[in-house]
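Numbering (my numbering), first residue to last: 1 to 718. Every residue gets a Cβ at the ideal spot worked out from N, C-alpha and C, and that includes glycine. No experiment lies behind these values; they were computed from the predicted model shown.
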């Protein structure tokens, strides 16, 4: 019966992993703890066969917990899986350096987790058996050694009877190299000819005679060493061998006793653990740890020979959307296909590894030096980028994706693995920020950009406390009547009271810093409060509020929205929540339930940036949204690209067929407006009508717009 210990401070995780542990074997004993200390007390009394621990815990980290287990008696061989939801390379390295057997980042496929854990249980069981067997053999051999002198005096036959029962190769040779005796196990492994005196042949026998000669010369035994021996069936096996001098009653060395313990299974287990620790299970490529070790070796070689080499970081563009659209299984297949395609483009001395997620690393060695090195590195990066122009055939479906690559050169962009990886990573993110499907070479100013990004994060955190965020409102116009039907609330940041900072300059930093939930909640509250003020002033206006995907991932959005509406005292019909296709794809059913719950309270919904993702029309058909918003990218090309107009026509037709209104964003010219009116679009917003306005300026704009709709000979009532 396998004994599994689970340590996690979250009850939900303990329940999940306890349930998964139940599938590891027919009979499994599972004991779950919410903290490391009680777990250590239990482990001290009864050593488990497998430990599953969270990395982030109040009392100590998973790495520290692993170290304490390793320090316990018999704790060195227990398989330990460290789990975390954080994509932080430092956590992985710390856990592995502490002695963790495996490191898993959630969410993880349950079947994959069960398979990993089951394999580790098998390996741990084998190691435990080997340890017990080795301890038993050690004790037995110790007894044999203590009885050796008496047995030698008694008779050689009696000694042979004893050692024949030991499952290890035991033999003795004299100064002439003749075999004094060999036990039955050695004869069974090597054959009679290999053990008979004077008939020893082969490389192993010759090496053994040379080592025996050293013992005869020095009178000292040899420490245990590993050696590979081919048995009589031709199978190569690994043995742990010791050689000890046999002495006469006068203390003269009369022979050499050789004992060899078969550790083949243990070596296989070690090799498997090494592969688990250094290779990616999905693609079979080396992982991040293996990349770091490879970079160390490559840097040493390049430094000694004064050579240069290139490190490329590659990220698949929009992989998350593809995985959500076509299923995680097809996403995994895409990663494997991409890995194989890239590998086929590399030279014999190049290296490719998977860093995690959809990120890969390539070490290109044969690049020359100077400008030629930079050109050859860029050439390979471009070759790889262009290779993604050919779609991937995944499960009978043609899937298109692209890649963004960042390149750093040794030694100009970094002289140690960490700096070089940081440079390649910065270059890759620069490529993504330039619009994806791009190759970017590292430049020193990117380091400055990183520092600026860090400063933005610091100032943004302080700005949230000081109330520096503000909302501007862009009017949404009825294309047929010219009336203002609503506004979209757009966030701005008055950084330290200075000029306004636009969202594209600080929201990406907020996303990485984990501030999007706080910002989204502030926007929701501020928009509801403003809508309430306009309603009380007799200017009821629908206000569109953008909600981030992070809010849906971690919170009950329906409760948050209803609470904000109640605090503001605004009519729910005036709140329009704008959702991206990513939100809808990540958890379609959960989104549908929350949308329906809020619509029962008269809250309306729009799908923002429609047409830019990978969503299926089936999702849109099944979700009870009120409006589709056509992304400005389609509107921009409406005048000079007939295919753009055709796409817009299809979107408008889809929306109307599903009973939805259609809004076009980014309308800036009269030609665009005329084309949208001809296609039957319902609402528009854009610079042609108004830029985003402060609340008080919108009120004046609304009045002016209303006045423009009144015939000249009529007057508005007081």
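Can you tell me where the beta strand (DSSP E) with residue 471 in it begins and where it stops? Numbered from 1 along the chain shown, position 471 holds the residue referred to as residue 471. In the DSSP assignment, residue 471 falls within the beta strand (DSSP E) that extends over 469 to 478.
Scan the region 26 to 109 and note each continuous beta strand (DSSP E) run of 3 residues or more that stays entirely inside, going in chain order. You should have 28 to 33, 50 to 54, 80 to 84, 102 to 105.
Just verifying my parser: in three-state terms, what is the DSSP assignment at residue 315? For this step, residue 315 is matched to residue 315 along the chain shown. Three-state DSSP puts residue 315 in a strand.
How close, in whole Å, do the beta carbons of residue 377 and residue 401 come, if the pair is a contact with beta carbons under 8 angstroms? Against the chain shown, residue 377 aligns to sequence position 377. Against the chain shown, residue 401 aligns to sequence position 401. So it is not a contact: roughly 23 angstroms between Cβ atoms.
Quick check: the Cα distance between residue 12 and residue 20, rounded to an integer number of angstroms? The residue given as residue 12 occupies position 12 in the chain shown. The residue given as residue 20 occupies position 20 in the chain shown. If you take the alpha carbons of residue 12 and residue 20, they lie about 12 angstroms apart.
Environment of residue 703 [buried if 16+ CB atoms lie within 10 Å]: Stepping through the chain shown from its first residue, residue 703 is reached at position 703. With fewer than 16 other CB atoms across the displayed protein chains lying within 10 angstroms of its CB, residue 703 is exposed.
Looking only at its own chain, which residues have a Cβ that is under 7 angstroms from the Cβ of residue 74, when we skip the five neighbours before and after it? Here residue 74 is taken as the residue at index 74 of the chain shown, counted from 1. Annotation for residue 74: 47 place their beta carbon closer than 7 angstroms to its own, counting only its chain and skipping 5 residues before and after.
Identify, in the order they occur along the chain, each residue of the same chain with its Cβ nearer than 7 angstroms to the Cβ of residue 442, setting aside the five sequence neighbours on each side. Within the chain shown, the letter at position 442 stands for residue 442. Excluding residues within five positions, the ones whose Cβ falls inside 7 angstroms are 406, 407, 408, 413, 423, 424, 426, 427.
Classification of residue 707 by the beta-carbon crowding that lies within 10 angstroms, buried from 16 upward: Walking along the chain shown from the start, residue 707 turns up at place 707. Residue 707 counts as exposed, since fewer than 16 other beta carbons sit within 10 angstroms of its beta carbon.
Based on DSSP bridge pairs, tell me the residues matched to residue 486. Numbered from 1 along the chain shown, position 486 holds the residue referred to as residue 486. DSSP lists 476, 542 as partners of residue 486.
Which residue wins for smallest C-alpha separation from residue 411, given the options 310, 396, 329? For the purposes of this step, residue 411 is taken as residue 411 along the chain shown, with counting starting at 1. Taking each of 310, 396, 329 in turn and checking the Cα distance to residue 411, the smallest one comes out for 310.
Taking just the CA atoms, how far does residue 340 sit from residue 396? Within the chain shown, the letter at position 396 stands for residue 396. Within the chain shown, the letter at position 340 stands for residue 340. So the two alpha carbons sit approximately 18 angstroms from each other.
Excluding the 5 residues flanking residue 140 on each side, which residues of the same chain have their C-beta closer than 7 angstroms to its C-beta? Taking the chain shown and counting its residues from 1, one reaches residue 140 at position 140. Correct list, in chain order: 166.
Do residue 679 and residue 652 have their C-beta atoms within less than 8 angstroms of each other? Counting from one through the chain shown, the residue named residue 679 turns up at place 679. Counting from one through the chain shown, the residue named residue 652 turns up at place 652. Contact: yes.
Classification of residue 379 by the beta-carbon crowding that lies within 10 angstroms, buried from 16 upward: Against the chain shown, residue 379 aligns to sequence position 379. So residue 379 counts as exposed.
Please give me, in chain order, every unbroken run of the beta strand (DSSP E) with length at least 3 that falls completely inside the region 598 to 666. Those beta strand (DSSP E) runs which fall completely within the region 598 to 666 and span 3+ residues are 604 to 610, 627 to 630, 661 to 664.
Can you look up residue 1 in the DSSP assignment and give me helix, strand or coil? Residue mapping note: residue 1 aligns to position 1 of the chain shown, counting from 1. Here residue 1 sits in coil by DSSP.
Tell me the rounded alpha-carbon separation between residue 94 and residue 386. Residue 94 sits at position 94 when you count from the first residue of the chain shown. Residue 386 sits at position 386 when you count from the first residue of the chain shown. One alpha carbon belongs to residue 94, the other to residue 386, and they sit about 37 angstroms apart.
Ranges of the beta strand (DSSP E) found wholly within the region 411 to 475, counting only runs of at least 3: Runs found: 439 to 441.
Going by C-alpha distance, which of 303, 389, 319, 336 is nearest residue 365? Here the question's residue 365 lines up with position 365 in the chain shown. For residue 365, the nearest C-alpha among the options comes from 303.
What does DSSP give as the partner residue(s) for residue 239 in the beta ladder? Position 239 of the chain shown, counted from the first residue, corresponds to residue 239. Answer is 227, 262.
If I measure Cβ to Cβ from residue 574 and keep anything under 7 angstroms in the same chain, skipping five residues before and after, which residues do I get? Within the chain shown, the letter at position 574 stands for residue 574. Result list for residue 574: 531, 535, 540, 541, 542, 543, in chain order.
I need the straight-line Cα distance from residue 342 to residue 664, nearest angstrom please. Translated into the one-based positions of the chain shown, residue 342 becomes position 342. Translated into the one-based positions of the chain shown, residue 664 becomes position 664. Spanning the alpha carbons of residue 342 and residue 664 requires a straight line of approximately 40 angstroms.
When you compare each of 112, 61, 108, 692 to residue 98 by their alpha carbons, which one comes out closest? For this step, residue 98 is matched to residue 98 along the chain shown. Out of 112, 61, 108, 692, 61 has the C-alpha closest to the C-alpha of residue 98.
What is the DSSP secondary structure of residue 714, counted as helix, strand or coil? Sequence index remark: in the chain shown, residue 714 carries index 714 (1-based). Low per-residue confidence applies at residue 714: pLDDT is 41, beneath 50, and the placement is therefore not dependable, though the value from the model is reported in the following sentence. Residue 714 falls in the coil class under three-state DSSP.
Using the C-alpha atoms, what's the distance from residue 594 back to residue 615? Within the chain shown, residue 615 is the residue found at index 615, counting from 1. Within the chain shown, residue 594 is the residue found at index 594, counting from 1. Below a pLDDT of 50, predicted positions are generally treated as unreliable, and residue 615, at 47, falls in that range; the measurement from the model is reported next regardless. Between residue 615 and residue 594, the alpha-carbon positions lie close to 19 angstroms from each other.
So, at 7 angstroms on beta carbons, what are the nonlocal neighbours of residue 43 in its own chain, with the 5 sequence-adjacent residues on each side left out? By 1-based counting over the chain shown, the position of residue 43 is 43. Same-chain partners within the cutoff: 5, 69, 72.
How many angstroms separate the CA atom of residue 24 from the CA atom of residue 118? On the chain shown, residue 24 is found 24 positions in, with the first residue counted as 1. On the chain shown, residue 118 is found 118 positions in, with the first residue counted as 1. Rounded to whole angstroms, residue 24 to residue 118 spans 5 angstroms at the Cα level.
By a C-beta neighbour count over all protein chains shown, 10 Å radius and 16 as the cutoff for buried, is residue 224 buried or exposed? The sequence position of residue 224 within the chain shown is 224, counting from 1. It is exposed - the Cβ of residue 224 has fewer than 16 other Cβ atoms within 10 Å.
For residue 545 and residue 524, believed in contact at Cβ under 8 angstroms, the rounded distance: The residue you call residue 524 lines up with position 524 of the chain shown. The residue you call residue 545 lines up with position 545 of the chain shown. The Cβ separation is near 6 angstroms, so the contact holds.
Could you say which of 264, 257, 328 lies nearest to residue 227 if we only look at CA atoms? Counting from 1 along the chain shown, the entry for residue 227 is found at position 227. Of the candidates 264, 257, 328, the one whose C-alpha sits nearest the C-alpha of residue 227 is 264.
C-alpha gap between residue 349 and residue 367, whole angstroms: Position 349 of the chain shown, counted from the start, is the residue given in the question as residue 349. Position 367 of the chain shown, counted from the start, is the residue given in the question as residue 367. Answer to the nearest angstrom: the Cα atoms are 11 angstroms apart.
For a quick check, are the C-beta atoms of residue 256 and residue 212 less than 8 angstroms apart? For this step, residue 256 is matched to residue 256 along the chain shown. For this step, residue 212 is matched to residue 212 along the chain shown. Yes, the Cβ-Cβ distance between residue 256 and residue 212 is below 8 angstroms.
Can you find a heavy atom of the ligand FMN that lies under 7 angstroms from the Cβ of residue 431? This structure lacks the ligand FMN, and indeed carries no ligand of any kind.
Here's the rule: buried if 16 or more other CB atoms are within 10 angstroms of the residue's CB, otherwise exposed. What is residue 358? Reading the chain shown from its first residue, position 358 is the one you call residue 358. Under the 10 Å beta carbon count, residue 358 is surrounded by 16 or more other beta carbons and is classified as buried.
Helix, strand or coil for residue 173? Go by DSSP, reduced to three states. Start at 1 with the first residue of the chain shown, and residue 173 comes out as number 173. Correct three-state label for residue 173: strand.
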